[in-house]
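Colleague:
In full-length UniProt numbering, the protein residues as written are 1 to 412.
#1: Does residue 148 come out as helix, strand or coil in the three-state DSSP assignment?
#2: On the CB-based measure, 16 or more other CB atoms within 10 Å of its CB, does residue 111 come out buried or exposed?
#3: If I measure Cβ to Cβ from residue 7 and keep anything under 6 Å in the same chain, skipping five residues before and after, which residues do I get?
#4: Would you tell me roughly how many angstroms separate the C-alpha atoms of residue 138 and residue 292, rounded to the nearest one?
#5: Between which two residues does the beta strand (DSSP E) carrying residue 231 extend?
#6: Candidates 290, 120 and 201: which alpha carbon is nearest residue 95's?
#7: Over the uninterrupted alpha helix (DSSP H) stretch that includes residue 297, give me the two end residues.
#8: Would DSSP call residue 105 helix, strand or coil?
#9: Using CA coordinates, which residue listed in 246, 280, 254 and 296 is at the minimum distance from residue 333?
#10: Where residue 181 and residue 366 are concerned, what is the direct C-alpha to C-alpha distance, given to the nearest angstrom?
#11: Flag this pair as touching only if the segment 268-280 and the segment 232-251 have three or more C-beta atom pairs under 8 Å; answer yes or no.
#12: For a quick check, are the C-beta atoms of residue 358 and residue 331 less than 9 Å apart?
#13: Less than 9 Å between the C-beta atoms of residue 416 and residue 174, yes or no?
#14: Give the range of the alpha helix (DSSP H) segment to which residue 118 is assigned.
#15: Any idea what DSSP makes of residue 211, helix, strand or coil?
#16: Of all the options 68, 329, 397 and 324, which has the alpha carbon lying nearest to the alpha carbon of residue 372?
#17: Measuring only the C-alpha atoms, how far is residue 228 from residue 147?
#18: Less than 7 Å between C-beta atoms, sequence neighbours within five positions excluded: which residues of the same chain meet that for residue 397?
#19: Would you mind sorting residue 142 into buried or exposed? The rule is 16 or more other CB atoms within 10 Å of its CB.
#20: Along the beta strand (DSSP E) that carries residue 284, what are the first and last residues, could you check?
#21: Below 9 Å between beta carbons: does that hold for residue 263 and residue 298?
#22: Should residue 376 go down as buried or exposed, given a rule of 16 or more other Cβ atoms within 10 Å for buried?
#23: Buried or exposed, going by whether 16 or more other CB atoms sit within 10 Å of the CB of residue 312?
#24: Within 10 angstroms of its Cβ, does residue 45 collect 16 or more other Cβ (buried), or is it exposed?
#25: Let me confirm a value: residue 153 is counted as buried when at least 16 other C-beta atoms fall within 10 Å, else exposed. Which label applies?
#26: Below 8 Å on the Cβ atoms is my guess for residue 335 versus residue 316; work out the distance and round it to an integer in Å.
#27: Exposed or buried, residue 226, counting other C-beta atoms within 10 Å across all chains shown (16 or more means buried)?
#28: Within 10 Å of its beta-carbon, does residue 255 have 16 or more other beta-carbons around it, so buried, or fewer, so exposed?
#29: Can you grab the Cα-Cα spacing for the pair residue 188 / residue 195, in whole Å?
#30: Which same chain residues end up closer than 8 Å to residue 382 when comparing Cβ atoms and leaving out the 5 residues on each side of it in sequence?
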């Protein structure tokens, strides 16, 4: 079987999409044999302008049973997470993906997408070859974009365009995986595909984040610490809305708490401006760091913070950051609503959930809730990325194998 796998992000890039796609490709390769090939068409690391890593333009690896993994990385223009430069970067990737796959036959096309258009690229490439298509959908791009655009006329036009792209893309897919159960109602309009709900998960690096001895040492140290550190690590975009919550919360919490924000993104300037305008707030803004350094920061922190902007679309999503946070023993502060809030309450013990943007409720709960650390053994056992991706890879292969067999028979 020859599989084409299209994803804008892949290792060594530093983002949730990269971690997920790398794990899924490895899981697929480990379940295939030396007669199989996975061709990954991705980009050179580009997620954060302030944290760039180098990677081979073309690379070859092998799975456990000899499946070949061919990785082509396209160099795209640098971007600062703005809409215009992201469009330009994607167009470069789109054109190069067509060039790299020209005259190639694939028995299956897999597309992983958070912004819809990588899924659209997968559909274009699959339709041209009449190959089965499997999609891994990580976000609801159309719904999110329409909420973020204020111009009514532009919203109408964009809605029509994105609806057309969705019908073209999702309407052709044989199987669609959704990373959040909250997406289920949205996809009722596309009943021809089969569906699965394999979430993000905890990477192996985080499974050994804390030994039991270290957990005990942290608990003892907590009793002697007077200033509590609240850490956020990840993307700083409009979707997170950190500029709407952190400066205000830091001001009201006073000197007993400090916020540390590690990351970059399209809204970082808004957050930085608010921090610089108020010298009395205790907020430290840092550039992105490697995962190894990030794990050390998790251990130093007292609380781990996640927040989504107060948009209707975000009531469906499930932030991947929750899985990293849940692997620690630290209390989690989650400004989320809808399915994400339900997930935190059901699966993540020792957490504070507040409505996005509700500073008063955040502060009230933080002050009323006694501080404690707690290792979440059940959560870690349930949501290990390796196990989730192995199960997803198995589901993909089982779903498409009959389709691939029929396609080969028809061709012969």
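The C-beta atom is built at its ideal place from N, Cα and C for all residues, glycine as well.
Modeller: In brief:
#1: DSSP places residue 148 in the helix class (H, G or I) of the three-state scheme.
#2: Around the C-beta of residue 111, 16 or more other C-beta atoms lie within 10 Å, and the residue is accordingly described as buried.
#3: The beta carbon of residue 7 is closer than 6 Å to those of 21, 42 and 112 in its chain, skipping five residues each way along the sequence.
#4: Using only the alpha carbons, I get a separation of about 25 Å.
#5: For residue 231, the enclosing beta strand (DSSP E) has its first and last residue at 228-235.
#6: Selected option, being the one with the closest Cα: 120.
#7: Per DSSP, residue 297 belongs to the alpha helix (DSSP H) from 291-300.
#8: Coil, per DSSP.
#9: Here the closest residue by C-alpha is 246.
#10: One C-alpha to the other measures close to 29 Å.
#11: Under the three-pair Cβ rule at 8 Å, the segment 268-280 counts as touching the segment 232-251.
#12: The Cβ-Cβ distance between residue 358 and residue 331 does not fall below 9 Å.
#13: Because the chain spans 1 through 412 in this model, residue 416 falls outside it and cannot be assessed.
#14: For residue 118, the enclosing alpha helix (DSSP H) covers residues 117-129.
#15: Reliability of the predicted coordinates at residue 211 is poor, the pLDDT of 48 falling under 50, and the value obtained from them is presented with this limitation in mind. DSSP places residue 211 in coil when its eight states are reduced to three.
#16: Closest in alpha carbon position to residue 372, among 68, 329, 397 and 324, is 329.
#17: Distance between the alpha carbons of residue 228 and residue 147: 35 Å.
#18: 31, listed in sequence order.
#19: The residue is buried, with at least 16 neighbouring Cβ atoms inside 10 Å.
#20: Here the beta strand (DSSP E) through residue 284 covers 283-286.
#21: Result no, Cβ atoms of residue 263 and residue 298 do not sit closer than 9 Å.
#22: Buried is the call here.
#23: Around the beta carbon of residue 312, a 10 Å sphere encloses fewer than 16 other beta carbons of the protein chains shown; the residue is thus reported as exposed.
#24: When all chains shown are included, residue 45 counts as buried.
#25: For residue 153, the number of other beta carbons within 10 angstroms of its own is below 16, and it is reported as exposed.
#26: Going by Cβ atoms, the distance from residue 335 to residue 316 rounds to 16 Å, so no, they are not a contact pair.
#27: So residue 226 counts as exposed.
#28: So residue 255 ends up on the exposed side.
#29: So the two alpha carbons sit approximately 10 Å from each other.
#30: The answer, listed in chain order, is 347.
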